[in-house]
Amino acid sequence: MPLSLLRISHLRNIQNIEIEPTASINLLWGGNGAGKTSILEAVYLLGRGRSFRGTEIGPLISSGKSETVVFGRLFGEDKKRDAIGVSKQLKGITQIKINGTAVNRLSTLAQTLPLQVLTPKSHEILERGSAYRRRFIDWGVFHVEHGIINLANDYAKALKQRNAALRRSPQTAFAWDYILIENGTQIESIRRRYLEKLTPIFSKKIEKLIGRGDVTINYRRGWSENESYAESIKRREKDDLNRGFTGTGPHRADIKVEIAGLPVEKVVSRGEQKLIIAALYLAQAKIASTESRIKPLLLIDDLPAELDKEKRALFLNELTDLNLQVFITGIERDCFSAIEPSSVFHVKHGRVYLEN
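Offset between the sequence shown (1-based) and the numbering used here: plus 722.
This is the structure in structure tokens:
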């Protein structure tokens, strides 16, 4: 469900603001340092319980204040409207409430307000470690097949225990193999099914955005395609003992976006890399909204900045076609002339002014 109300207190340069976004495209424009990204950050806190700009709490909270509080109310059917509140204190305490009830699991928050964020640095997912790309896959899987959360938690616990035993008590390490194999095989199967749905949607969007039909997603599951996970983990027992960690399994999975077998970041321009990442997120949002009827919220921070007018228009039109709630920022309002946002907010010195 999209946000119908957003209230922010003492977050960076924002002291106290309240806005009522529409359920479709909301444009936030203003100069550098105005507070646009901080508003996206506040929304992200409501869906993830943390910031996308870093883990330090100090810079998040306004100078001279001890706490930041973000409150959101969601559009709902039959007069049911969920309310989410997140507070973070300088002393490191985070409190999360949904409809007045304390919440300890971030997965509950993510189910209540599913969202994704694209920033000017999102293209780095192509260049950074595989953990970032696994996180991308698993966000999509989580919102289509909720059962994966239990499989993933059980797998992670068993993996941690096995790795600890490999270093401290090798004779007990392989007792964890059964859980790893059972859960790991299912996780891999679910991921593969998800990517089989994602790939054709991604391909269509890429063709529209950059005019190429040769961009591919190659999935690497974390062990050889020529053997089962049980066979792989057995074959690598000596290696695992020598290294002190489990070197095979879905925790080693990765996706590679390639053109003619080469990483896209070595073939296309930086602007096209951004569009490739945007296509991945747009395809992911499309699956979530059609497969599970979840309407994820999209946060887009100045993504069109380095795109020419034609590419920017193509991207914005793809965004409009998704029919989702979007918060998108830009320095100039004219950057978004290709579409007609439902709401336009001018952000200036930490204050927000509705323009339409």
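Here a beta-carbon is modelled for each residue, glycine too, at the ideal position from N, C-alpha and C.
What you are looking at is a predicted structure, and each value in this text was computed from that prediction instead of being measured.
Reference residue i; option with closest CA among the options
i, options, result
"S950", "T970, F1037, Y854, G776", "T970"
"H865", "G757, E1013, V990", "E1013"
"L1025", "I783, S844, R915, Q838", "S844"
"H748", "E980, E1040, S1065", "According to the sequence provided, residue 748 is Asn. The question's His does not apply to it. The residue with the shortest Cα to Cα distance from N748 is S1065."
"R1055", "L1044, R1034, D1043", "R1034"
"F774", "I739, V839, L1002, N754", "V839"
"D860", "Y1003, A982, E1062, V792", "Y1003"
"S891", "N964, V808, I1022", "N964"
"C1057", "L1046, F1067, K996, A1027", "A1027"
"I932", "A975, R889, V986", "V986"
"Y1075", "P743, L782, G776, L725", "P743"
"I1022", "R770, P842, N875", "P842"
"E994", "N1039, S1011, E929, D962", "E929"
"R770", "L1038, L1019, L1036, F1067", "L1019"
Cα-Cα separation, residue i to residue j
i, j, result
"N735", "A1007", "31 angstroms"
"L984", "R857", "22 angstroms"
"A880", "I806", "33 angstroms"
"A745", "L762", "15 angstroms"
"G1032", "L873", "The sequence shown places Glu at residue 1032, rather than the Gly named in the question. Between E1032 and L873, the C-alpha separation is close to 44 angstroms."
"R934", "L1041", "19 angstroms"
"D1043", "D899", "46 angstroms"
"G966", "E959", "10 angstroms"
"D1030", "G814", "43 angstroms"
"I1009", "R992", "26 angstroms"
"P836", "R803", "15 angstroms"
"K810", "S731", "11 angstroms"
"I998", "G752", "26 angstroms"
"Q1047", "G755", "24 angstroms"
"E953", "I903", "10 angstroms"
"E1062", "F1049", "13 angstroms"
"G851", "A975", "11 angstroms"
"E1077", "I1016", "30 angstroms"
"S785", "G776", "17 angstroms"
"E789", "I783", "6 angstroms"
"G869", "N905", "11 angstroms"
"V808", "N821", "12 angstroms"
"V990", "R889", "43 angstroms"
"Q833", "N1045", "19 angstroms"
DSSP three-state assignment for residue i, whether helix, strand or coil
i, result
"S852", "helix"
"H845", "helix"
"L963", "helix"
"N826", "coil"
"W751", "strand"
"D1056", "helix"
"H732", "strand"
"L1046", "coil"
"G757", "coil"
"A887", "helix"
"F1067", "strand"
"K978", "strand"
"R803", "coil"
"P985", "strand"
"D1023", "strand"
Presumed contact (8 angstroms Cβ cut-off) between residue i and residue j, rounded CB distance
i, j, result
"L728", "G794", "5 angstroms"
"T1051", "T759", "6 angstroms"
"I909", "Y877", "6 angstroms"
"I977", "N940", "7 angstroms"
"V792", "L828", "Contact flag wrong, Cβ pair sits at about 15 angstroms."
Same chain, Cβ closer than 7 angstroms to residue i, five either side skipped, listed in chain order
i, result
"L973", "Reading the sequence as shown, one finds His at residue 973 and not Leu. Same-chain partners within the cutoff: L881, G944."
"A1005", "L920, I923, F924, K927"
"I847", "Y854, R855, F858, I999"
"V825", "I818, K819, L831"
"G780", "L812"
"A1001", "F924, K927, I928, L931"
Same chain only: Cβ atoms within 8 angstroms of residue i, ignoring 5 sequence neighbours per side
i, result
"S1059", "none"
"T894", "A887"
"Y916", "I859, G862, V863, V866, E867, I1009"
Cut-off 6 angstroms between Cβ atoms - residues of its own chain near residue i, not counting five sequence neighbours on either side
i, result
"G757", "N735, I736, V1069, G1072"
"L733", "S760, A764, T790"
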